[in-house]
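Chains as they are written, first to last, in this note's numbering: chain D, 21 to 569; chain U, 448 to 887.
Think of the CB as a built atom: it goes at the ideal place given N, C-alpha and C, for glycine as much as any other residue.
A short write-up of the structure that comes next.
Okay, here's the thing in structure tokens:
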């Protein structure tokens with residue numbers, strides 16, 4: 021059936037359509053070229069609305085072992101935020117770490133139709149996929165965590181050559197059905213297993229004698245040569261450490277011309293100036309990002325309130341566990357692949373550090389000029405729950421609103437931020453870029469993030485309102501693959517999503533090597549580590565993202 | 448990996464690399480011979496061999512009040528009972544994740560409390576894990592890093608037959624570069640200390656090259672010994688406070704010194720085999736010791752458990768409901784009250800029991816307050832004939848599926864070894880759900 025969405029103001033920056041009143045025609049889950057009206061087509065009146073493609077969150081911890089450990093620790097949060105009653109209640113809830121059903125519903129209620137789990141540990145990938153399959157209304161994909169895995173570090177340490185690395189990376193991507201490579205604290209998680217407590221970019225790690233820089237560059241080359249669309253998604257060294265702005269700048273300089281995505285860069289933009297030895301490094305970071313077109317970032321904005329931080333970076337989480345709130349935390353070394361640390365946090369605007377973190381995130385959003393290289397995230401749940409996105413959007417779009425909030429934060433923090441001097445307000449076009457077009461482009465999703473013919477019919481109609489928070493919290497309509505799933509901010513239908521993966525080819529010899537590795541070192545058969553296509557979403561299989569070598 | 452004939456073929460064939468979903472250790476290198484419907488284990492521990500073996504015998508048919516029925520009739524009868532019930536308890540939950548997903552769907556539709564037959568150890572550990580947390584390691588990390596292991600309680604091999612050979616293998620002379628352990632300085636000789644019962648002879652043989660210390664402690668004193676060890680690691684005085692024999696305290700003091708000198712110490716215990724009131728104490732003491740050691744070196748806990756995919760049932764409950772097991776769901780809500788919704792407690796008030804046990808023929812718990820629906824292993828012997836009995840196939844024997852390993856990280860794919868003649872738990876639960884208008 022054809023659906024015509026008519027009379028809305030369309031913002032489709034990927035196709036250079038900015039604020040044009042035009043019809044959108046949908047058929048069989050796709051957008052098709054506009055054509056004269058035909059009998060029996062369904063008409064959706066979009067007058068008074070802003071029409072955008074479905075939202076895409078490229079960094080949100082929604083599934084897998086560490087998320088479930090977060091749920092285990094956050095029973096109080098779960099009890100406080102049950103799912104609303106009604107036909108689409110899944111007996112779940114939670115705000116900081118919502119259950120699968122609640123995750124899909126809350127995302128779809130804000131107009132998001134795809135969300136990417138950015139830290140899939142290989143050994144836990146099957147769990148992550150089973151959990152993602154239980155999330156309704158959004159498409160998903162996982163980024164595989166590499167860079168601390170013993171097999172890789174040994175390959176690099178033994179100077180086996182780039183081809184062996186590429187074969188291994190390709191094998192792992194296919195085995196775990198992931199769509200990009202994430203590095204978390206390169207070499208650092210592994211170093212912590214040998215009792216290393218810190219590892220800077222050019223420091224040599226224990227046992228393998230490798231620097232994070234070398235691990236980073238090796239994997240950058242691998243994803244580039246394999247043609248994985250998204251560049252290395254890097255959670256850099258020294259997360260959260262005052263003074264880490266130096267490391268981050270050095271990392272930008274270390275990327276050797278390869279594209280690089282720096283994730284939750286807010287947590288990596290801290291200086292040591294001032295009497296509290298904690299200051300904003302956002303100006304230097306923004307300047308470096310502006311000057312280096314091969315760098316993209318997502319911010320990892322912090323939002324005040326209770327949340328839980330869940331990260332593969334056990335080295336950093338161990339360092340931070342003393343400030344857990346409430347006082348409990350879980351750490352885990354994982355299967356020669358990586359680790360995880362889950363630490364509840366309560367970000368308070370009355371805390372100097374938290375208040376300044378909030379300001380630093382906003383400074384980064386506002387000082388980095390090219391919206392195509394900034395993606396809107398809170399690093400859910402680490403900086404704050406994804407349900408705070410409408411509020412964050414208003415902070416970006418509404419200077420008086422932002423200033424009013426700035427006036428309420430810790431006084432000394434206010435004195436340490438230049439946020440008040442920044443007059444920029446994001447436009448609707450820019451919001452469409454940072455929440456749709458740009459993430460789709462970097463992930464290589466050609467039929468997403470835009471509204472041109474051939475695109476998936478994921479379309480959102482937001483009622484034009486001066487209060488941008490209210491506007492982005494409750495769209496008038498959300499269509500997922502052409503089906504209406506949300507009306508006036510309420511879920512009206514549940515659909516099944518899909519899972520994105522890349523399947524680069526690898527030399528069959530790598531199969532043999534990994535068979536031996538898994539047999540002898542890991543104590544698990546390689547064939548049981550590998551996830552078959554039929555295991556994805558009850559036999560549906562993955563949606564393969566095209567490689568661009 | 449299946450060699451020879453296809454799965455439906457008649458000739459005997461050998462199936463290698465069979466994944467085992469029974470005890471929770473997740474061994475995936477078993478070997479069986481399959482001839483028609485008969486399965487003869489070739490390489491498997493005694494427990495797995497017992498649970499994998501199958502004869503040619505045809506499977507039983509479903510029964511309603513003891514009378515043979517079709518699958519559809521049995522499912523409809525089960526749905527009728529569920530609709531009439533006000534307070535249903537789902538017990539057992541011995542199923543793969545696919546089966547559990549459907550059982551949870553059913554519980555959400557009909558309203559029911561959920562608990563697994565093997566959850567007692569899990570809940571003892573949760574008293575520590577959910578309230579304060581811990582630092583844990585997965586099996587491959589233990590294999591490759593652990594240089595000092597402390598075992599509290601009985602010989603783990605009694606419930607997890609191959610635990611020692613998988614967790615602390617010996618790197619033989621001339622081993623290839625991949626052989627575990629990769630990071631232990633003296634790879635053939637790790638320090639293994641048992642604080643509890645004595646080791647079995649087979650375990651002693653497996654551990655022959657390691658430096659094994661057996662600190663024999665009566666079952667009811669294991670928790671005290673664990674607390675003393677933790678205190679000694681902390682450097683606290685324990686003289687005369689514990690009631691333990693002096694020789695035991697001396698041995699524990701020596702062990703504490705070994706732990707402090709270790710590069711990666713691992714503490715393990717099977718909470719399900721410890722006295723109920725002591726298991727949380729042991730989990731707490733082990734976690735405390737890890738916290739203390741972690742200030743200067745590395746250490747981790749490796750709790751044992753996970754029978755019949757209890758870990759999967761726990762994980763699924765967390766991602767579906769945001770709570771562990773012992774939760775009642777229905778009417779859009781979930782209430783987690785372990786004291787009310789453990790199977791024992793739930794059955795005081797329940798007016799229906801649905802028992803699911805696909806891995807082994809475990810009978811439902813005693814229950815006489817209302818109908819019993821058994822979605823169960825075909826060999827189950829019932830003390831009281833259930834109102835509805837739907838015999839189901841076993842995951843990893845009759846059909847594929849997914850189960851979690853005890854470390855809660857690795858999820859394993861089970862494969863069918865023979866053509867299924869019985870429905871899976873997922874199919875049985877889905878058939879019942881049809882009557883609720885929420886069929887598959």
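| query | result |
| --- | --- |
| Which of the three DSSP states is assigned to residue 664/U in this structure? | coil |
| Between residue 647/U and residue 565/D, what straight-line distance do the alpha-carbon atoms span, to the nearest angstrom? | 53 Å |
| How is the alpha helix (DSSP H) around residue 127/D delimited, first residue to last? | 120-129 |
| Which of helix, strand or coil does DSSP assign to residue 366/D? | strand |
| Can you check whether the CB of residue 452/D is closer than 8 Å to the CB of residue 72/D? | yes |
| Is the separation between the beta-carbon of residue 884/U and that of residue 721/U shorter than 8 Å? | no |
| With a CB to CB cut of under 6 Å and the five nearest residues on each side skipped, what residues in its chain are close to residue 125/D? | 511 |
| Got a sec: which bits of the region 563-587 of chain U sit with their beta carbon under 9 Å from any beta carbon on chain D, in order along the chain? | 573, 576, 577, 578, 579, 580, 581, 582, 583, 584, 585, 586 and 587 |
| Tell me where the beta strand (DSSP E) around residue 596/U begins and ends. | 595-599 |
| Could you work out which residue in 364/D, 45/D and 286/D is closest to residue 375/D when comparing CA atoms only? | 286/D |
| Please name the residue or residues paired with residue 873/U in a DSSP beta bridge. | Per DSSP, none; premise fails for residue 873/U. |
| Compute the distance between the beta-carbons of residue 808/U and residue 821/U, then report whether it is under 8 Å. | no |
| So, at 8 Å on beta carbons, what are the nonlocal neighbours of residue 333/D in its own chain, with the 5 sequence-adjacent residues on each side left out? | 204, 205, 208, 209, 255, 259, 359 and 361 |
| Within the region 727-792 of chain U, note down every full beta strand (DSSP E) run reaching 3 residues or more, in order along the chain. | 745-748, 774-777 and 780-783 |
| When you compare each of 179/D, 22/D, 202/D and 341/D to residue 62/D by their alpha carbons, which one comes out closest? | 22/D |
| List, in chain order, every chain D residue whose beta-carbon is nearer than 7 Å to that of residue 744/U. | 215 |
| Output, in sequence order along the chain, the residues in the region 147-165 of chain D whose CB is closer than 7 Å to any CB in chain U. | 147, 150, 151 and 154 |
| Cβ atoms of residue 661/U and residue 645/U: under 8 Å apart, would you say? | yes |
| Can you round the beta-carbon distance between residue 752/U and residue 544/U to whole angstroms, since I take them to be within the 8 Å contact cut? | Actually they are not in contact, since the Cβ atoms of residue 752/U and residue 544/U sit about 17 Å apart, beyond 8 Å. |
| Might you give, ordered along the chain, the residues of its own chain that have their beta carbon closer than 6 Å to the beta carbon of residue 414/D, omitting 5 neighbours on each side? | 421, 488 and 489 |
| Tell me the start and end of each unbroken alpha helix (DSSP H) in the region 231-269 of chain D that is at least 4 residues and wholly inside, in chain order. | 232-246 |
| Could you tell me how far apart the beta carbons of residue 75/D and residue 133/D are, in whole angstroms, since I believe they sit closer than 8 Å? | 6 Å |
| According to DSSP, which residues form a beta bridge with residue 316/D? | 281/D |
| Residue 23/D lies in the alpha helix (DSSP H); which residues open and close that run? | Element bounds for residue 23/D: not the alpha helix (DSSP H) but the beta strand (DSSP E), 22-26. |
| Given a cut-off of 8 Å on the beta-carbon distance, is the pair residue 653/U and residue 672/U in contact? | no |
| Using the C-alpha atoms, what's the distance from residue 830/U back to residue 516/U? | 20 Å |
| Apart from the five residues just before and just after residue 856/U, which ones in its own chain have a Cβ nearer than 6 Å to its Cβ? | 585 |
| With a threshold of 8 Å between beta carbons, is residue 547/D in contact with chain U? | yes |
| Is there a Cβ of chain B sitting closer than 8 Å to that of residue 356/D, yes or no? | Of the chains in the structure shown, none is chain B; the protein chains are D and U. |
| Does chain D have any CB closer than 8 Å to the CB of residue 591/U? | yes |
| Leaving out the 5 sequence neighbours to the left and right, which residues in its chain are closer than 7 Å to residue 538/U when beta-carbon positions are compared? | 562, 564, 790, 800, 802, 811 and 812 |
| Short of 8 Å Cβ to Cβ, which residues in the region 199-213 of chain D face chain U? | 212 and 213 |
| The ligand NAD and residue 356/D: does any heavy atom of the ligand fall closer than 7 Å to the residue's C-beta? | The ligand NAD is not part of this structure, which contains no ligands at all. |
| Can you name the residues that DSSP bridges to residue 72/D? | 480/D |
| Could you pull out every residue in the same chain whose Cβ sits closer than 8 Å to the Cβ of residue 637/U, ignoring the five residues on either side in sequence? | 593, 594, 595, 596, 615, 628, 631, 657 and 658 |
| Report yes if the CB atom of residue 383/D is closer than 8 Å to the CB atom of residue 439/D, and no otherwise. | yes |
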